[in-house]
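Q:
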Amino acid sequence: MDWNILWMIAGVLSLLAFVLDIRAEESRYETLKDLFLGIGFLAWYWGWFIVGLVFVAAAGIIYLPEAKKWWIRKRHG
639 MDWNILWMIA GVLSLLAFVL DIRAEESRYE TLKDLFLGIG FLAWYWGWFI
689 VGLVFVAAAG IIYLPEAKKW WIRKRHG
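This note's numbering puts the first residue of the sequence shown at 639, with every later residue one more than the last.
1. Give me the Cβ distance between Phe687 and Leu673, rounded to the nearest whole Å; I'm assuming they're in contact under 8 Å.
2. Is Trp684 helix, strand or coil by DSSP?
3. Considering only the alpha carbon of each residue, which of Ile677, Ala662, His714 and Arg711 lies closest to Val650?
4. Over the uninterrupted alpha helix (DSSP H) stretch that includes Asp659, give me the two end residues.
In structure tokens, the structure reads:
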């Protein structure tokens, strides 16, 4: 399978998750993470590798506080 098809599918699914997060009124972190991942994957699909990397890194930075909260809750009950 070509990597470009994988990036396109991941981008479309992430943008779909973004729309569903808005409709379900999810947290701001979840919504922005899905939007930035979708844009990043589609940028990789179009060949804009640096732009895609920036958006994927931004998604990780945005979601990091939520991941820390989850880890602390799991560890300390």
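Ideal Cβ positions, reconstructed from N, Cα and C, are used throughout, including at glycine.
Since the structure is predicted, the reported quantities are computational estimates derived from the model, not experimental observations.
A: On the basis of the coordinates in this document:
1. So it is not a contact: roughly 19 Å between Cβ atoms.
2. Three-state result, Trp684: coil.
3. Of Ile677, Ala662, His714 and Arg711, the residue nearest in Cα terms is Ile677.
4. Trp641 to Ala662
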